[in-house]
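Student: Okay, here's the structure, questions in a sec.
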Amino acid sequence: MRRAGSEPAPARTGPLRVVAIVVVVALFAVLIATPLVSLAHGAMDQGWSAMAQLLGGADVRTALWHTVLLAVIVTAVSVTMGTALALAFDRAMLPATARWRLALLVPLLVPQFAVTLSWTQAYGSGGLCDHLLGVTLPGLYGPFGIGLLLTVDSVPLTWLIVTAAMAVRREPDLARAARASGADPWTTVWTIDLPLLRGVLTAAAAVVFVNSVNSFAVPQVLGSAQGYQTLATLVYQQLTLSVGPEAFAQLSTTALLMVALVLVALGGAGRGLGGDQARYGTSGTPPALARDPCSRVVALSVAAYVVLVSGLPLVALVLTSLTRAAGLAPVPGNWSPAHYQAALNASAGVALTRSLVLAVAAGLLVTAMASLVVGVGGEWSRRLGTAVTLGFAIPGSALAVGTLIGYGTWLGGSAMIILMAYLAKSWALGHRVMSAGVDRMAPELTRAGRASGGSPVAVLRTITAPLMSTTLATSAGIVMLFALHELTMSTILYGPDTATFAVVVLNQQQLGEIGGSAAMAIILTLPPLLLLATGALLLRRRDHRLHPARVPR
Amino acid sequence: MRAGLGSVAVLALAACGSPSVSAAVQGPGPAAAPPSLTLYSSVTQETIDAVVGGYEKAHLGAKVTVFRAPTGQLNARLAADQRSGGLRADAIWGTDPLSMQSYSDQHLLAPWPLPELTSVPEQYRTADFWGTRLLYLVIVARRDLKPQPTSWTDLTSPAYRGQVAVPDPAFAGSALAALGYFWQTPGMGVDFYAALRANGAKQVASIPDVVTEVSQGSYQLGITLDSGVRTAMKKGSPVVMVWPKPGAIVLYSPIAMTARSAHSAAVKEFMTYVLSTQGQKLIADTGWQPIISGVPGPPQPARATSVAPEWTSLFGQQKALLARYRSIFVQ
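If you want it as structure tokens, here you go:
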């Protein structure tokens, strides 16, 4: 989204630009294209007829049906809820405080497997609600629970996308005109806001759909033992059931089917976006609704949502991590630090360190790679940006299998192959952040620097880098968080001495070490939460200093 | 194109100092190097840590690089290795003979390299792998469950309708052994699983999951390993161990050298240690029954009996067993 009123950045010229394009194309070939080609090659290992036979098999058909069904339902519900939340904030039906926003963002900051574990410990049989109230959530293990957890994961994503779009795309004058003409708030939303957001909602739906198809931890924990397979868990199952050569052809075919499904969905979303022209309206605030009883009901509903979705499960997770044995009441008399001590023992501690190193490496490298893409400028930047998005769209299982086939001979089981998969998958994340940052930067500043005789390097060092520092940090931070929590690809790619912390948590969970898994999940979850809370606090203090009149917020 | 790009990538990444790349390129170290090896295992972490730690302490300079994961995950590692240049392990220490036999069928294992060792009973040996410890499948039940079950067939009793947890034999090697035993036993067969299913029994992922789920009250009883129940009881979980009639199902946890191992001397040293009195004591200390006589294991109930499948007739039947099971038990 380009800053209103600014000129598009001109395409850079010269040998440096050519070198940058070549480097980006080479990285794309190594990180994304080669795994995809390898995956196709692997799928055809046993011949076309074996491939067709597998695709027509009951396992694959059932998993495909489950995957599509879940993704469609989760997308519909998440986009509806996320949009409703965004509109509620926009219309001041909810107090736009940092605490509210942080609370809604929690599911995004907690790894999916930790969210899943926390829900089983909060609402499952023998969980916190069972202990306190004798109440359990029926259907938690199975399609209902999987859909519910995927929705919980996707609502904040949709909310963020819609909120960001509304910040630059809303047409407050239209909304005011509608209200002045006698339209009630709901008619205004229905006839003004939603039509304007059509393109954004389509994009949000595409992201959520892809996210649901890609999801591994939730269906693996809540569905696999019950026999409810999705394509992502079927790939994993095919990998674990046989050591024969046919196993890889089978799982490559299934993974390729996932890629096809995602590309079809993205293609459909692209057509949906085709007729949507970006509208960059005047900035301003739409008419706020009076704080009427309806607002209070909305605020209470959202508060209840936050407590049920994030609060209670996180409390249950902490209590599980402290309780010394499964089946004991989570009361102080049964608490022990043993699970935390075990979680930080030699091998788990090494895995945690490895995860942190991989996350930092991925954050820095992806930010540099994304800088290259946006630095190219012009049409090439747009094309390359679209190309790297493919890495994010390819399901993690498929990317991991393709990377393994492509590079396993040389790098199999190493930390390097895991890092390559992280880079391929998160390149688009870094690029989106960098691209948005560059779009917000006034090009006049760099032009002035160059016109004043500054060399490109001097302009980069003295103007661009300081202005982009927040964007660079955001890009690196988001990618680090992604890498720290990543499980789908790591669990396929890790080898001797290269297990990541997330893999160790999954293995602990699969070994029934529920307290140990909970302690590890807390260790992995707390740092980003504390970081975000600290950031929100600092921002609030800064706002307080700059705008004392807004203190009540 | 793939090979070309791959080569470029490897050169670039090797420059970043990946130890694995260096190892792969350089091949095995000089003869004077310490006896190092890579071990793939599905044995519990505590046991692996104890035995590997003991071995490294007893062999100064030795280094055992371990890949430890549940049996299914171990299969995934082996499949990945197979597809990308060949097995990287020097030794495999598994949980059950059926999974190990499937590795043997794929020609991944070398013939047993230590025939001079005689301490392991005949019934726990094959041409490629030997047992290292004994595992007993028993029933775990809630402490307050009335009446407590006494036999395997009790699991199909209406008294326990919807209360029984069964481990996934595709995930856990020991659960596969139980499936093999029930399959072979006259009067039980696959009908036993059909009866369990009809009685509302539910599948959970792993053997330890059964103990956790029963401890938490999700189920009242289930099939699991003795060691896990003892550990849970020791920690205070509200469960008891039932040694069912006609006996706990015993299986052995085998170890083997891989066909591609370039460190056979180190593997032999390690295997010798595992089957030594010292190695067996460490196994016993972590809750398992040693395979050699003379080393005391965890306590068992008085007059405890055990039953076992006829392993050799089960070898090669793994896929058929699992397919039949899934047709009955999984949606």
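Chains X and H, in that order, give the protein sequences. The working numbering applies: residue 1 is where the first sequence begins, and numbers increase by one. The working numbering applies: residue 554 is where the second sequence begins, and numbers increase by one. Glycine included, every Cβ here is placed at the ideal spot set by N, Cα and C.
(1) Taking a contact to mean a Cβ-Cβ separation below 8 Å, would you say ALA725 of chain H touches THR858 of chain H in this structure?
(2) Hey, does VAL596 of chain H have any beta-carbon neighbour from chain X nearer than 8 Å?
(3) Mind the definition here: the stretch 759–767 of chain H touches the stretch 229–238 of chain X only if three or more C-beta pairs lie below 8 Å; say whether that holds.
(4) Indicate the three-state DSSP secondary structure (helix, strand or coil) for ALA718 of chain H in the structure shown.
(5) Give a yes or no on whether the minimum CB-CB distance between TYR608 of chain H and chain X is below 8 Å.
(6) Among residues of its own chain, excluding the 5 on either side of ALA63 of chain X, which ones have a beta-carbon nearer than 8 Å to its beta-carbon?
(7) Tell me which residues of the stretch 351–385 of chain X have at least one Cβ-Cβ distance to chain H shorter than 8 Å, keeping chain order.
(8) How would you write the range of the beta strand (DSSP E) that PHE620 of chain H sits in, first residue to last?
(9) To the nearest angstrom, report how far apart ARG783 of chain H and ILE776 of chain H are at their CA atoms.
(10) Are any of the Cβ atoms in chain X nearer than 8 Å to that of PRO702 of chain H?
(11) Under the DSSP definition of a beta bridge, which residues are partnered with ARG354 of chain X?
(12) Please compile the residues from chain X whose C-beta is within a distance smaller than 7 Å of the C-beta of LEU631 of chain H.
(13) Within 10 angstroms of its Cβ, does GLY582 of chain H collect 16 or more other Cβ (buried), or is it exposed?
(14) What in chain X is Cβ-close to ALA758 of chain H, meaning under 7 Å?
(15) What is the rounded straight-line gap between the Cα of LEU251 of chain X and the Cα of TRP864 of chain H?
(16) Less than 8 Å separating the beta-carbons of ALA421 of chain X and LEU493 of chain X?
(17) Under a CB-based cut-off of 8 Å, is ARG61 of chain X close to chain H?
(18) Note down the Cα distance separating LEU222 of chain X from LEU140 of chain X, rounded to an integer number of angstroms.
(19) May I ask you to verify whether the stretch 797–806 of chain H touches the stretch 683–692 of chain H, counting CB pairs closer than 8 Å and requiring at least 3?
(20) Do you know offhand how far ILE645 of chain H's Cα is from VAL302 of chain X's?
(21) Would you tell me roughly how many angstroms separate the C-alpha atoms of ALA103 of chain X and VAL110 of chain X, rounded to the nearest one?
(22) Cα-Cα, which of H:TYR878, H:ARG877, H:LEU867, H:ILE881 is closest to SER885 of chain H?
(23) Is there a C-beta anywhere in chain X that falls below 8 Å from the one on TYR677 of chain H?
(24) On the criterion of 16 or more Cβ atoms from any shown chain inside 10 Å, does LEU875 of chain H qualify as buried, or is it exposed?
(25) Considering LYS699 of chain H, what are the terminal residues of the alpha helix (DSSP H) in which it resides?
(26) Closer than 6 Å by C-beta to ALA326 of chain X: which residues in its own chain qualify, once you throw out the five before and the five after it? Chain order, please.
(27) To the nearest angstrom, report how far apart PHE882 of chain H and LEU531 of chain X are at their CA atoms.
(28) Where does the unbroken beta strand (DSSP E) through THR777 of chain H begin, and where does it stop?
(29) Going by DSSP, which residues form a beta bridge with ILE645 of chain H?
(30) Is the Cβ of ALA785 of chain H closer than 8 Å to any Cβ of chain X?
(31) Could you give the uninterrupted runs of the alpha helix (DSSP H) lying entirely in the stretch 717–792 of chain H, keeping only those of 4 residues or more?
(32) For SER704 of chain H, count the other beta carbons within 10 Å of its own beta carbon; 16 or more makes it buried, fewer makes it exposed. Which is it?
(33) Return the chain-ordered list of same chain residues with a C-beta closer than 7 Å to the C-beta of SER464 of chain X, the five sequence neighbours on each side being excluded.
(34) With distances taken Cα to Cα, identify the nearest neighbour of LEU317 of chain X among X:LEU524, X:VAL60, X:LYS425.
(35) Which runs of the alpha helix (DSSP H), 4 residues or longer, sit entirely within the stretch 12–64 of chain X?
(36) With DSSP as the reference, label ALA855 of chain H as helix, strand or coil.
Tutor: Checking against the coordinates, here is how it stands:
(1) no
(2) no
(3) no
(4) strand
(5) no
(6) GLN229, THR230, LEU231, THR233, LEU234, THR254
(7) none
(8) 617–621
(9) 14 Å
(10) no
(11) DSSP lists no partner for ARG354 of chain X.
(12) VAL243
(13) Note that GLY582 of chain H scores 39 on pLDDT, short of 50, meaning its location in the model is unreliable and no value can be drawn from it.
(14) SER224, ALA225, GLN510
(15) 30 Å
(16) yes
(17) no
(18) 7 Å
(19) yes
(20) 53 Å
(21) 12 Å
(22) The displayed coordinates of chain H run from 554 to 884. Any statement about residue 885 of chain H would go beyond what the structure contains.
(23) no
(24) buried
(25) From DSSP, LYS699 of chain H is part of no alpha helix (DSSP H); its letter is neither H nor E.
(26) ILE514
(27) 46 Å
(28) 774–778
(29) H:TYR593, H:ALA809
(30) yes
(31) 726–737, 742–751, 760–769, 779–788
(32) exposed
(33) Going by the sequence as given, residue 464 of chain X is Thr instead of Ser. If we look at THR464 of chain X and ignore the five residues flanking it on each side, its Cβ neighbours are THR446.
(34) X:LEU524
(35) 15–28, 34–43, 48–55
(36) coil
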